[in-house]
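**Student:** First the structure, then my questions, so here it is.
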Amino acid sequence: RGGGLEGGGGEGGGEFVREVEGVGRLLLSSRNPTGYQGVYAPKARAGTAKPFVAMLTASGVQRHIGWFRTAVEAAACYTRVRHALDARSQKASRSQPSARQMPPAAPPAASPPPGSEAGLFGPPAAAAPSD
-6 RGGGLEGGGG EGGGEFVREV EGVGRLLLSS RNPTGYQGVY APKARAGTAK
44 PFVAMLTASG VQRHIGWFRT AVEAAACYTR VRHALDARSQ KASRSQPSAR
94 QMPPAAPPAA SPPPGSEAGL FGPPAAAAPS D
């Protein structure tokens, strides 16, 4: 299930894992040295048991997902969280009708033609015949 991107995914393997069973396709990044979106390897954590961190920015807020032994583990967790948030936001947007989905407003009531004496209660009563 490996890929064809060079760089090793921060693990020295020479290829990035593109898909993980139970997660699906991982979110790759050509701009990130780890090769994965949302996965970072701070130099201060080099040589520790869990040197990779997964971070996600949602609604302008950066969220810490966790520390991981490998970049692939971090990428798998990031992908799961990202897909869950995307599904939740799609569900929320489907449950709230947009302006395009709202039924059209009723047309305004027709006003009587100029010069008629029709009022709020209908046409005027016929005048009684005079003797």
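The sequence shown begins at -6 in our numbering and counts up one residue at a time. Even for Gly, the Cβ is constructed at its ideal location relative to N, Cα and C.
1. Given that a residue counts as buried once 16 or more other Cβ atoms are within 10 Å of its Cβ, and exposed if not, what is residue 32?
2. Look up residue 21 in the DSSP assignment and say whether it is helix, strand or coil.
3. For the candidate residues 34, 16, 11, whose alpha-carbon lies nearest to that of residue 42?
4. Just reading off the alpha helix (DSSP H) that residue 27 is part of, what are its end residues?
5. If we count the other Cβ atoms within 10 Å of its Cβ and call it buried at 16 or more, is residue 11 buried or exposed?
**Tutor:** According to the structure shown:
1. buried
2. strand
3. 34
4. Careful: residue 27 lies outside any alpha helix (DSSP H) and carries neither H nor E.
5. buried
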